[in-house]
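Engineer:
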Amino acid sequence: MGDARPLPAQHHAQLLHPRTTGCDRRLPDVRAMILLVTPAARAAPTSVHGNDVTARRWQSILGELGCDVRVTNGYEPGDYAALIALHARKSADAIRTFHAEHPGAPIVLALTGTDLYPDLVTSGVDPDILALANRIVVLQPHALAQLDDEQRARTTVIVQSMPDIPYETPRHDAFEVAVLAHLRDVKDPLRTAEASRLLPADSRVVVSHAGAPLQDDLARLAREESTRNPRYRWLGEQPRAEALRLLARSKLLVLTSHDEGGANVVSEAIAAGVPVLSSDIPGSRGLLGDDYPGYFPVGDTEALAEALHAAETDHNRYYQRLRETCERLHDLVAPQKERAAWSDVLTELSLPVPRPVAS
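Quick note on my numbering: the sequence shown kicks off at 3 and runs consecutively.
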């Protein structure tokens, strides 16, 4: 095609102010059965694992759009109208089997951070799996830079949504900072604890860290850090409701990941009105914008400590600028926008969307 694709910054603006979907769309009341495959589907609705949260939300959205959705961690036989697969590498077998069993049915492939970064080849994504996808979904516009022209032509950006999170009264005895990250190397989960050690003695910053012990070595280090560092508490894995309450009462969310496809927790922080400090990665720039003031270099403990101190003291209105910028992003994570985006995807794939989508 001759017309240029939007640059990431332009695409980010379009996500904040998208076109409206036709609210008069009415199709016959036929419910499509969709298979939604996520690498580690868990039964517990309280699970805070990122893919589980995403899969449950998409199941709800697709149900609102009139589809029946079966969530599994691999292919299971059935009469399906379409497949939605989270994670190209881990869902590859399910995609191949679905294509063989349902050769005419469309496949939607959602690329995760470990698919996209550092790049598709290094991540081990099979080009044949990408080729089987009728539509590719990415969770923020900077991810488009990881795809070639042909792949981008099949790609839709769908930002993960979150309803407004009720306000929780902050702690009065401390400047509480939330870290919502499972203990995995890619999350660099102890970086905020290490940064808190560099703060001035009179700082009131405390770090409350909720996350599952997915690596034994990191769990051991988190327990040791909780014992030795009076500013840091590792709370272990928390039910989703408790994790969101922790976020809502905190002064800041800190995200220290080396890579993210488009972190749920950033959408949650925006919905809670909680400013974010984030490692400077494409997955966060795609959500928060290139001009967001809250980035620090990946793995830079001193830079994070400086940002924490500047936020706590509101040096040069730093904390206020973080808060004001996040407030302006509120509409980016509106649930109706994610619902409308999925409605468009279903329509493009000629799947029935029997219920009108409000603009």
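Don't be surprised by glycine CBs; every beta carbon is placed ideally from N, CA and C.
In this text, all values refer to a predicted model and were calculated from it rather than measured experimentally.
For the beta strand (DSSP E) containing residue 238, list its first residue and its last residue.
Structural biologist: Taking the sequence shown and counting its residues from 1, the one referred to as residue 238 is at position 236. Run containing residue 238: 234 to 238, per the beta strand (DSSP E) assignment.
Engineer: Taking just the CA atoms, how far does residue 87 sit from residue 147?
Structural biologist: In the sequence shown, counting from the first residue as 1, residue 147 sits at position 145. In the sequence shown, counting from the first residue as 1, residue 87 sits at position 85. About 21 Å.
Engineer: According to DSSP, is residue 154 part of a helix, a strand, or is it coil?
Structural biologist: Within the sequence shown, the letter at position 152 stands for residue 154. If DSSP states are grouped into helix, strand and coil, residue 154 belongs with the helices.
Engineer: Who are the near neighbours of residue 335 in its chain, counting only those whose CB is closer than 6 Å to its CB and skipping five residues on each side?
Structural biologist: Position 333 of the sequence shown, counted from the first residue, corresponds to residue 335. Around residue 335: 163, 164, 269, 272 and 273.
Engineer: Hey, residue 177 and residue 207 are a contact pair by Cβ (cut 8 Å); roughly how many whole angstroms apart?
Structural biologist: Locating residue 177 in the sequence shown gives position 175, where the first residue counts as 1. Locating residue 207 in the sequence shown gives position 205, where the first residue counts as 1. Right, the Cβ-Cβ distance comes to about 5 Å (below 8 Å), so this counts as a contact.
Engineer: Is DSSP giving residue 103 helix, strand or coil here?
Structural biologist: Locating residue 103 in the sequence shown gives position 101, where the first residue counts as 1. Looking at residue 103 - three-state DSSP - the assignment turns out to be helix.
Engineer: Distance check for residue 246 and residue 351, CA to CA, integer angstroms please.
Structural biologist: Indexing the sequence shown from 1 puts residue 351 at position 349. Indexing the sequence shown from 1 puts residue 246 at position 244. When rounded, the distance between both Cα atoms is 35 Å.
Engineer: Classify residue 137 as buried or exposed, calling it buried when 16 or more other Cβ atoms lie within 10 Å of its own Cβ.
Structural biologist: If you number the sequence shown from 1, residue 137 lands on position 135. So residue 137 counts as buried.
Engineer: For the putative contact between residue 239 and residue 214, defined by C-beta atoms under 8 Å, what is the C-beta separation to the nearest angstrom?
Structural biologist: Walking along the sequence shown from the start, residue 239 turns up at place 237. Walking along the sequence shown from the start, residue 214 turns up at place 212. Contact between residue 239 and residue 214 is confirmed by a C-beta separation of about 4 Å, below the 8 Å threshold.
Engineer: Please report the residue range of the alpha helix (DSSP H) in which residue 2 lies.
Structural biologist: Any property of residue 2 remains undetermined from this structure, which presents the chain solely from 3 to 361.
Engineer: Within 8 Å, do at least three Cβ pairs link the region 283 to 300 to the region 173 to 189?
Structural biologist: no
Engineer: Hey, quick one: how far does the alpha helix (DSSP H) through residue 347 stretch, first residue to last?
Structural biologist: Stepping through the sequence shown from its first residue, residue 347 is reached at position 345. Unbroken alpha helix (DSSP H) run through residue 347: 337 to 350.
Engineer: Say whether the region 330 to 345 touches the region 90 to 97, bearing in mind that this needs 3 or more beta-carbon pairs closer than 8 Å, one atom from each stretch.
Structural biologist: no
Engineer: Taking only three categories from DSSP, how would you classify residue 321?
Structural biologist: Position 319 of the sequence shown, counting from 1, holds the residue named residue 321. Looking at residue 321 - three-state DSSP - the assignment turns out to be helix.
Engineer: Report, in whole angstroms, the separation of the C-beta atoms of residue 314 and residue 205, which I expect to be a contact under 8 Å.
Structural biologist: Reading the sequence shown from its first residue, position 312 is the one you call residue 314. Reading the sequence shown from its first residue, position 203 is the one you call residue 205. Confirmed, Cβ separation roughly 6 Å.
Engineer: Using 10 angstroms around the beta-carbon of residue 345, count the other beta-carbons present and answer buried if the total reaches 16, otherwise exposed.
Structural biologist: Translated into positions along the sequence shown, residue 345 becomes position 343. Looking at its Cβ environment, which holds 16 or more other Cβ atoms inside 10 Å, residue 345 is buried.
Engineer: Just the Cα atoms here: how many angstroms apart are residue 120 and residue 211?
Structural biologist: Translated into positions along the sequence shown, residue 120 becomes position 118. Translated into positions along the sequence shown, residue 211 becomes position 209. Looking at the two C-alpha atoms, the distance is approximately 26 Å.
Engineer: Suppose the cutoff is 7 Å on Cβ atoms and the five residues either side in sequence are ignored; what does the same chain contact list for residue 64 look like?
Structural biologist: Position 62 of the sequence shown, counting from 1, holds the residue named residue 64. For residue 64, where only same-chain residues beyond five positions count, the Cβ hits under 7 Å are 36, 71 and 344.
Engineer: I'd like to know if residue 128 contacts chain C, where contact means its C-beta is closer than 8 Å to some C-beta of that chain.
Structural biologist: Absent from the structure: chain C. Only one protein chain is present.
Engineer: Name the one or two DSSP bridge partners that residue 250 has.
Structural biologist: To locate residue 250, count along the sequence shown from 1; it is residue 248. None; residue 250 has no bridge partner.
Engineer: Among all the DSSP beta bridges, which residues are the ones paired with residue 72?
Structural biologist: What you label residue 72 is simply residue 70 of the sequence shown in a count that begins at 1. The partner list for residue 72 (beta bridge, DSSP) reads 37.
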